[in-house]
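Residue numbers (this note's numbering): 8 to 502.
Where a beta carbon is used, it is the ideal one built from N, C-alpha and C, also for glycine.
For reference, the structure is listed below as C-alpha cells.
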RNA sequence: GGCGCAUUCGUCUAGUGGCCUAGGACAUGGCCCUCUCACGGCUAAAACAGGGGUUCGACUCCCCUAUGCGCUACCA
C-alpha cells in the first residue's frame, strides 16, 4: 500500500528453516532448497534456522553434518540459529529432542488422538505381502485401536514394544494452499494411522518435522516437491495439536539430464565436488537460483545481492528442471572472467602448490599468466591444466607432426631460425618477441599463421596455447630456446 | 494399484485470453575479429505433448488421453 508498509531488510517475524538429514554430503537439490530459504529470509528480514533431522540413527552419519555445514558456508548460506550456534529454541538436532516428541505424543494419546500400537513390523509386513499378492494395498487395520485400556497397560507393563500411531480422522478433506502448486486437497481416507513414535522411542519424520516447526515458530516451510504428498500428514499433526499451519512452498524437483532423479550417474551432485572442481560459489548460487525461478524474460546473471533484491516466492514455477552442467560451466566461466586477477591468482596458487610448484615461482609468473588464461577457462581446475607448461617440462604428444602443416624441411628451418634469433633478443619483451618472429616468417616467405603454429607446437607441445608472444615472454628466453632445441631433435626422429 | 503434481526450442525459462510472425540465455551451425584456442560481435536453425470443448479469439480457461515425477515405510 504505502511506502512504509514495505519491509525489506528490516527485522520481521518470518522464520524459515533448512532441515537436512545427515546421510551424506550436501547435494544440488538440497543446496537449492537451502538457498531459496535463505534468500527468502534475507529478503524479508526474517530468520533462517538450520535444523538437523537425525532421528534415524541407522542412516545418520555424524561426519556428514560438518560436510553439510561447510558446503552451506561456502555457498554463503548462513544461519541465525543452528546446532553449532544455538538459539532460542535449542537444541537444533532432533536426536537431542527425543523427550520433546514423546511429550507431545503423550499429549496426543491422552487426548485420544493417538494410540499405542503393539503390532510388530514383521507382522505388518506379512499382512502387507499377503495383500500385495492380490495386488491390494495394505492400510493399517487399526487392530490396536480396539485394545482396552487395561490391555494396553498390561502390554506396557510386561515390556511389549510399541509404536505410537496418529489416529487419522475418517473421511475428512485436508485442504491447504501451496504458494507454488496452489490448492491441494486430499481425503484422509487414503491415509493410514501413521506411526509418529517408533518402538525405539524416536519420532518419525512427519511428526518431528511438524512438532519442531511448531515449536520453532516456523512461519514458512520451503522444501522440495517430494514433500508435497507428506504435507497432509503433517497438517494432521498440526490439527491434532491445535496449531495453525505455516505457509507451504514446495519447490519443483531438480532432475538429471535424462529426466530421472539426479544421482551420481549424472556426474557430480555434491556441492563439495563442485568446490573441488574449481567452481565459484557465486556461480553455483546463481545457477541454482535459475532452477525453478526467473526474474524476467532476459536476465540470467545475478549477484547474491541482486538475488536477494529480486527474489520472490511468487515467481517460482512448478516444472521440474533438468540439471544442465554446460550452463553452469558457462556461468562459472563468466564469473571467473569478471573476477579480479588477484582472486584467480589466489585460487590457482592453492592448486599449483599442491602440485609442488614453489611459491616463489608462482609469485613471479602468475601475475603475468592470469590475464593470458582468464578468458580461456571455465573452472580453476581447467586453469590448472592450461597453465601446466609454464611450470613443468612438456612431453610432445605422439601425433605432434599433425600439429603443423609445413614440410619437414620447412619446419626445421623455422625452428632453427627462431632459436637463433630469439637468443639474440636484447630485451625479452612481448613486442620484441613479436617483431622478431614476424620478421623471421617474412624472411622465409612463410605465412605468419603457419610460422606460429610450428613455434607453438615446439614451445608448448600443443595445437592450442595462450597468446604466443606473451607465452614465450613468460617462459623466458632460456626455456624457450631449450624447448625449440628439444623439439628440433625430436624432429629428426619423426620426419 | 491408490493419491498427488507436472508438461513452451536439446536444456533453463518469459508468457496469466488479443501485445506471440512465441522473447531471452546455455548448447549447436555460419560469419566477423584473430598467431591457435578462447573472449567479444553478428547471424541461423530450434518449442506451445495429443485430442476434445469454452470463446469473436487460446500457449494462456475446462475435460480426457499420453508421458514423466513424487508419496503411498517403525527413511527423510
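{"Check": "For residue 443, the first and last residue of its enclosing beta strand (DSSP E)", "Outcome": "Looking at the DSSP string, residue 443 is not in any beta strand (DSSP E); the run it does join, the alpha helix (DSSP H), is 437-450."}
{"Check": "Cβ contact check for the segment 68-80 and the segment 117-136: 3 or more pairs under 8 angstroms", "Outcome": "no"}
{"Check": "Beta-carbon gap between residue 238 and residue 191 smaller than 9 angstroms", "Outcome": "yes"}
{"Check": "Simplified DSSP state of residue 300, which is helix, strand or coil", "Outcome": "strand"}
{"Check": "Beta-ladder partner(s) of residue 76, from DSSP", "Outcome": "According to DSSP, which records beta bridges pairwise, residue 76 is partnered with nothing at all."}
{"Check": "Continuous alpha helix (DSSP H) assignments of at least 4 residues falling wholly in the segment 358-441", "Outcome": "366-380, 387-393, 395-398, 415-429"}
{"Check": "Distance, residue 30 Cα to residue 91 Cα", "Outcome": "18 angstroms"}
{"Check": "Bridge partner(s) assigned by DSSP for residue 202", "Outcome": "172"}
{"Check": "Ordered list of beta strand (DSSP E) runs contained in the segment 118-194, each at least 3 residues", "Outcome": "121-124, 170-173, 180-185, 189-194"}
{"Check": "Identity of the residues DSSP links to residue 258 by a beta bridge", "Outcome": "231"}
{"Check": "Residue from 290, 298, 250 whose Cα sits closest to the Cα of residue 263", "Outcome": "298"}
{"Check": "Exposed unless 16 or more other CB atoms sit within 10 angstroms - verdict on residue 128", "Outcome": "exposed"}
{"Check": "Complete beta strand (DSSP E) runs within the segment 48-76 (minimum length 3 residues, chain order)", "Outcome": "54-57"}
{"Check": "Continuous beta strand (DSSP E) stretch holding residue 25: start and end", "Outcome": "22-25"}
{"Check": "Under the three-state DSSP convention, the category residue 88 falls into", "Outcome": "strand"}
{"Check": "Whole-Å CB distance - residue 224 paired with residue 259, under 8 angstroms assumed", "Outcome": "Contact flag wrong, Cβ pair sits at about 27 angstroms."}
{"Check": "Three-state secondary structure assigned by DSSP to residue 8", "Outcome": "Any reading at residue 8 is ruled out, since the residue's pLDDT is 32, under 50, leaving its predicted position unreliable."}
{"Check": "Assigned secondary structure, residue 93 (DSSP; H/G/I helix, E/B strand, else coil)", "Outcome": "strand"}
{"Check": "Beta-carbon proximity check, residue 176 vs residue 195, cutoff 9 angstroms", "Outcome": "yes"}
{"Check": "Chain-order list of residues whose beta-carbon lies under 7 angstroms from that of residue 108 (same chain, five-residue window excluded)", "Outcome": "204, 210, 214, 215, 218"}
{"Check": "Terminal residues of the alpha helix (DSSP H) in which residue 239 lies", "Outcome": "238-247"}
{"Check": "Environment of residue 136 [buried if 16+ CB atoms lie within 10 Å]", "Outcome": "exposed"}
{"Check": "Distance between beta carbons of residue 384 and residue 343, contact taken as under 8 angstroms", "Outcome": "6 angstroms"}
{"Check": "Beta-carbon spacing of residue 86, residue 25 below 9 angstroms", "Outcome": "yes"}
{"Check": "Residue(s) in a DSSP beta bridge with residue 210", "Outcome": "204"}
{"Check": "Residue 228 versus residue 271 - alpha carbon distance", "Outcome": "28 angstroms"}
{"Check": "Where residue 104 sits in the DSSP three-state scheme", "Outcome": "coil"}
{"Check": "Residues bridged to residue 515 (per DSSP)", "Outcome": "Coverage of the chain is limited to positions 8 through 502, which leaves residue 515 absent and any answer about it impossible."}
{"Check": "Within 9 angstroms, strictly: CB atoms of residue 390 and residue 492", "Outcome": "no"}
{"Check": "Spatial distance of residue 152 from residue 182 (CA atoms)", "Outcome": "26 angstroms"}
{"Check": "C-alpha distance - residue 32 paired with residue 39, whole-angstrom precision", "Outcome": "14 angstroms"}
{"Check": "Cβ-based neighbour list, residue 364, same chain, cut-off 6 angstroms, excluding 5 preceding and 5 following", "Outcome": "398"}
{"Check": "For residue 316, the first and last residue of its enclosing alpha helix (DSSP H)", "Outcome": "311-317"}
{"Check": "Where the alpha helix (DSSP H) through residue 341 begins and ends", "Outcome": "332-345"}
{"Check": "Check whether residue 338 and residue 308 have beta carbons under 9 angstroms apart", "Outcome": "yes"}
{"Check": "Exposure of residue 189, with buried meaning 16 or more beta-carbon neighbours within 10 Å", "Outcome": "exposed"}
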